[in-house]
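Report on the following structure.
Protein chains in written order, with my numbering: chain A, 6 to 1190; chain B, 667 to 1000.
Printed below as a string of structure tokens:
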């Protein structure tokens, strides 16, 4: 008998992890978006001792890479454990070698994959099937689920089938669309799991394991005589697999009432047109088919659940005999193929097994790459295509392909949304808690009422000040609509700053509701709305509700968090639940959510609920448009055409409308485009007081976003300065008589305040007033905008005149990394900015995937820029794991080109000015003047070469620029350097090549949300180290020093900025590999970002972070110099400054006490060791030989 | 020699009591205090304001930057429970009660009357033998009359005393217009003991960094003059017991306070400075003095030199202050 199931609202990742956790004993993982949450949940559950189906907690191990995870999985399977892993995208690619082995050895296992795009012309974290398709030849079975419920169910079906079939499975579901969609599903019980999982098969799995009690070998090397035959031995298992899966599905249906088929047809029994598809897109087709058939069409969908082994006979048999035209939709692209994979499989199956007369026409198409929307309108277009006499084949749908004309036209207005479903869209700012509140709202509806609820969240590409858009559906029937809402009954704007930038009411349905958070009172708000917003409200007859949520939040003790307030507004006016019931449910949910975080938090939230209802007002909508305010263009009209017409569209959230022809063919984008995207994030910005300033340059040095700049200028250059443009006489003798100025870019500043914190210059009579002080941006905007524009026009200071070893002068160098999308107060970007100031005009940068590649290279606009001569950093990102090698390749290429150029120059010497040739070949380029002179010589050379008629001259001309010094910088985070890329990094150390490696050490995987790395210090709480990391931080610097030929420095700019500067100068000057390990404070540390430099200082003062430089170029003296003092601050004083440590005291006090003590011992031992090494007699020091 | 006494109705083996300090933050410290002979332990003060700030800070750090950027929807694991105060504090009371035999007095500083009552009840439920209400606030609003401050403090004491079944002590500041009247009013509000006096953190100026840094200065033996005076004056005039705190560094300091009328003498600074075992030294000195001066019990000493029992009652009053200065001037070398 089938019991009434328990329902829960959760996302796809959790739906899968709950089953996978129950059914496994070993889980080896590595974080990668969008699958990370599955591993994190498993780790949290294991840490809490949650048992699996057999009563013990699985062992969850985080590996150094997905390759490592796959190896560990393979080993665990061979040793008889039920083992799983969670991954996606590049991670799956790294697992492929092991997957061949696991499958070749007929090992039962399931890998759960949140399917994601692969990095090609650009990286994408979003969902498609490129990754699983790349693994389709490994021998793994591939099973696709298309919804949160299916993902939950198939996690069990795949595991049961893997045990029976002895074939390993990839169970995949669409990254983000399914992995991150929240939906109400029926939960599987332990009884359901037990009914499907056969203990005898587990015993068989164990019996096949390696055991010295029953020794055998597996993993032989096979010769041409037998490899082939041995490879064919597995055929019967693959042949039987579809039947096995079908049996399991039948058993599953009997147990749960939810029936699935391998190739599941849905639609008109006499359909002539059918779409074949797998994944979440199948749900969209399913609903569209129902809609079209209800309107007199005869169409159907064939959902592919089991893609490998592909059972052609079952596939063909599942199609109705009436079918005349089939469209096979693949969510991937295989360039140069005869068609995408599933299309080819379908064609083959129909040819081999189809019993049709006539044979239906089959066409293939691509859709939904990297989470591109796939909507009912597109489905209709695909069906319409099939009505054509000559339907378009190898088509695309969802884009406008004006280059190859592959795309199908579709009608965006076509909608099949049920009128019974309440649809709501919320526009929020990342930091305001909108998404969290909406997730709560879904749970409230899903778990307190018989209604169904669905939530999907669209995030921005920037880490700070980003926009979030929440799409929520509620209704009496299960909701299967894996696409964004385009017709909403309710639209909420949680941030008034969005009002004149985005058309939020485009999606509003007539007679719908518009809720606005605004600082303006109800009787004044109408005048503040832009004209198009007023027009939309009037035309669509929208009801307008307003609340000053910021004020209510402040009054309720909620700080800037308006989440609860806006959630209450939604429930109060949307009618989705009776008001009183909704409010009671919200209060209950708040108490439940926040209880463990403390009474104070609960109390503030409950107060906010009551205050909200008292401050929510409906505005009487006038009958005519009165506003003259228009949309603010995304970029200024003066921006270059590509920025205006292409990047501007992306900024305005209209990138979907860009045709194929608008985009570069090879992933190459112009540098320096963040300057056009004025984000106006800061509430307050720093304002300079020239009378107090001591011109130390520290403010510009620490600014993470390069928004605070310094120049000196001649009086003449200051002519035409706006009134209010500030200068002071330059203090440095080298610039005597010139005007010194510091200017802030008001629209690019994020308002982190770190510059004010570092400013050492105070008013003698009022010590709370400094040379920099935060003031409201609004009151400074006009003046500072004019000032900034003028400042930019002032000539850059001649780099040859700047003493780069002194921060006060060095900071006059132009940053060539500006206005990135990094977090406000980021601890990494000041280092990158410094590199670009010192060496940006000659730098080639290899950047590991991670935070620095995202804020460095995520579209629409990117921060690496160029100077007035057009020179700037040349930047690229290859992968996460290969960055050291990627950079080494750049160096080797340059070295080879330099050799080649010098050789050609030597050969061409007779035809050239001998002085020029000698000058170039013997150039001293150790400083700016030397490089400047070489640039002039190379320019002269190129001019001359252009006149020469020889092959050598023609070969040298495009190479000549390499004769000017070029630096290779290899930049990445600790996840790369300590873990996934360490092997390559180590090889680059050993190579002896002249590369400069910077590890931005945040001591966790910051970009994927704070997972432990081998750099994580002992006692820090991180994901996968919920109980505090038990082991000490790996000493990467010591490893590098052991070569004796690697320059190594450990720096923390907030503790000793001059040492940081010196290390970068020395590293660049060193003719060999250099490594700088840079302490990078991070939002994942749980600190106040505006005062983060105090954390640098405490880290150094406590001895947790020793500052040193190890310079192999030191002649005859000890290469190691310690730049920090012996530990003088108790380590605990530092640890208590950061939530990552403090949290351990709150969660596991005993563990904290023990680990803190161990960590203090680490400090003493580390200092003793470094002190010993630094004081050893060396060379001729102290008479030693 | 009989050192035993009672305090808040609880029998104590000695009048030397550990006052609220970091020494009682951990169970191990409480056990060591008992081993060293403490008659009772007042646990470190639970500051509700601090709890609120800590909870808010934790919530801030756990949620900041979350649900904003697709790859990092959070930055910390989400533990199932926190041992943050008051949970940790209540757990400490329970552990202490299970581990030591001496009375455990919980110390509380609340924010609003309702919150004081709530936390007080939780402490009693956790097993505290008595409560010490730490009326620790520095009124800085020039528009707030002293009478309102006094009324607020009295309201708190009344509310807590009405709500809990265990005896309640009130730790006071000396900064009332009429200390004796306030003592009487607290007495009337239900306080079973008055702890004299609270010592506030005092701001200091860091001349190197030009910053204001509040810190706590440990008491010196001279500090006992203030409680000494008021205990002597109040002894026999209020029903509540009088506990002395601040300035007990030697056995003789305890003797003086007992003679003035203290029910118990509390120590923190001397133990922080010299270690918990120093309590044994103080006790030995106390016993030696009693022995030499032929006192048989603490009860015999108590209040022997209080104002009502003192040969020269005016010695504790203001006039004496004037006289002392005159005397000092006269004796000073010219």
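Every residue, glycine too, gets a C-beta built ideally from N, C-alpha and C. Quantities reported herein were computed from a predicted structural model and do not represent experimental measurements.
- Taking Cβ positions only, does residue 23(A) come closer than 8 Å to chain B? For residue 23(A), no Cβ of chain B is located within less than 8 Å of the residue's own Cβ.
- Query: So who's on the other strand from residue 179(A), going by DSSP bridges?
  - Reply: 120(A)
- Message: Can you give me the C-alpha to C-alpha distance between residue 684(B) and residue 709(B), rounded to a whole angstrom?
- Response: 8 Å
- Length of the line joining the Cα atoms of residue 172(A) and residue 731(B): The straight-line gap separating the alpha-carbon atoms of residue 172(A) and residue 731(B) is approximately 42 Å.
- Are residue 855(A) and residue 693(A) closer than 8 Å when you measure CB to CB? no
- What in chain A is Cβ-close to residue 742(B), meaning under 8 Å? 1015, 1026, 1027, 1028, 1089, 1091, 1144, 1145, 1148
- Can you list, in chain order, the residues of the stretch 115–146 of chain A whose Cβ is nearer than 7 Å to any Cβ on chain B? Considering only beta carbons, the part of the stretch 115–146 of chain A lying closer than 7 Å to chain B consists of 130, in chain order.
- Query: Roughly how many angstroms separate the alpha carbons of residue 997(B) and residue 812(B), rounded to a whole number?
  - Reply: Summary for residue 997(B): the model assigns pLDDT 45, below 50, so the residue's position carries little reliability, and this model does not support an answer.
- Item | Minimum Cβ-Cβ distance from residue 1012(A) to chain B less than 8 Å | yes
- Query: Going by DSSP, which residues form a beta bridge with residue 849(A)?
  - Reply: 879(A), 973(A)
- Message: Pull the bridge partners of residue 66(A) from the DSSP assignment, please.
- Response: 33(A)
- Message: Quick check on the burial criterion: 16 or more other C-beta atoms within 10 angstroms. Buried or exposed for residue 794(A)?
- Response: Result: exposed.
- Message: For a contact defined as C-beta to C-beta under 8 Å, what are the partners of residue 993(A) on chain B?
- Response: Near residue 993(A) there are no residues of chain B at all, since even the closest Cβ is about 27 Å away, more than 8 Å.
- Query: With distances taken from CA atoms, which of 204(A), 983(A), 840(A), 190(A) is nearest residue 1066(A)?
  - Reply: 840(A)
- Item | Contacting positions in the stretch 745–774 of chain A - beta carbon closer than 8 Å to chain B | Correct list: 767, 772.
- Query: Where residue 283(A) and residue 130(A) are concerned, what is the direct C-alpha to C-alpha distance, given to the nearest angstrom?
  - Reply: 20 Å
- So is residue 666(A) buried or exposed if we call it buried at 16+ other beta carbons inside 10 Å? Answer is exposed; the Cβ neighbour count stays below 16.
- Task: Excluding the 5 residues preceding and the 5 following residue 329(A) in the sequence, name in chain order all residues of the same chain whose CB lies nearer than 6 Å to its CB.
- Result: 277, 365
- Residues of the stretch 472–504 of chain A whose Cβ lies closer than 7 Å to any Cβ of chain B, in chain order: 473
- Quick one: using the 10 Å Cβ neighbour count with 16 as the cut-off for buried, is residue 879(B) buried or exposed? exposed
- Message: Please report the distance separating the alpha-carbon of residue 757(B) from that of residue 924(B).
- Response: 34 Å
- Item | Delimiting residues of the beta strand (DSSP E) encompassing residue 265(A) | Segment: none, residue 265(A) is in no beta strand (DSSP E) and carries neither H nor E.
- Message: Let's see if you can read the secondary structure: which residues bound the alpha helix (DSSP H) around residue 946(B)?
- Response: 944–958
- Message: Using the Cβ count rule (16 or more neighbours within 10 Å means buried), how would you classify residue 821(B)?
- Response: Classification for residue 821(B): exposed.
- Item | Local Cβ density within 10 Å of residue 335(A), reported as buried at 16 or more and exposed below that | buried
- Within 8 Å (strictly less), CB to CB, does residue 889(B) reach chain A? no
- Task: Using a Cβ cut-off of 9 Å, pull out every chain B residue sitting near residue 464(A), in sequence order please.
- Result: 733, 734, 735, 736, 737, 739
- Query: Is the number of C-beta pairs between the stretch 64–82 of chain A and the stretch 24–35 of chain A that are closer than 8 Å three or more?
  - Reply: yes
- Query: In terms of DSSP beta bridges, what is residue 463(A) paired with?
  - Reply: Residue pairing by DSSP places residue 463(A) opposite 474(A) in a beta bridge.
- Query: Just to confirm, are residue 119(A) and residue 93(A) a CB contact at a threshold of 8 Å?
  - Reply: Less than 8 Å divides the Cβ of residue 119(A) from the Cβ of residue 93(A).
- Under 8 Å between the Cβ atoms of residue 197(A) and residue 261(A)? yes
- Item | Neighbour-count burial assignment, residue 232(A), 16 or more Cβ in a 10 Å radius | Classification of residue 232(A): exposed, given that the 10 Å Cβ count is below 16.
- Message: Tell me the rounded alpha-carbon separation between residue 1179(A) and residue 1126(A).
- Response: 6 Å
- Item | alpha helix (DSSP H) runs wholly inside the stretch 755–797 of chain B, at least 4 long, in chain order | 779–792
- What is the C-beta distance between residue 774(B) and residue 786(B), in whole angstroms, given that I count them as a contact (C-beta under 8 Å)? 6 Å
- Message: Just to confirm the assignment, what range does the alpha helix (DSSP H) spanning residue 348(A) have?
- Response: 346–358
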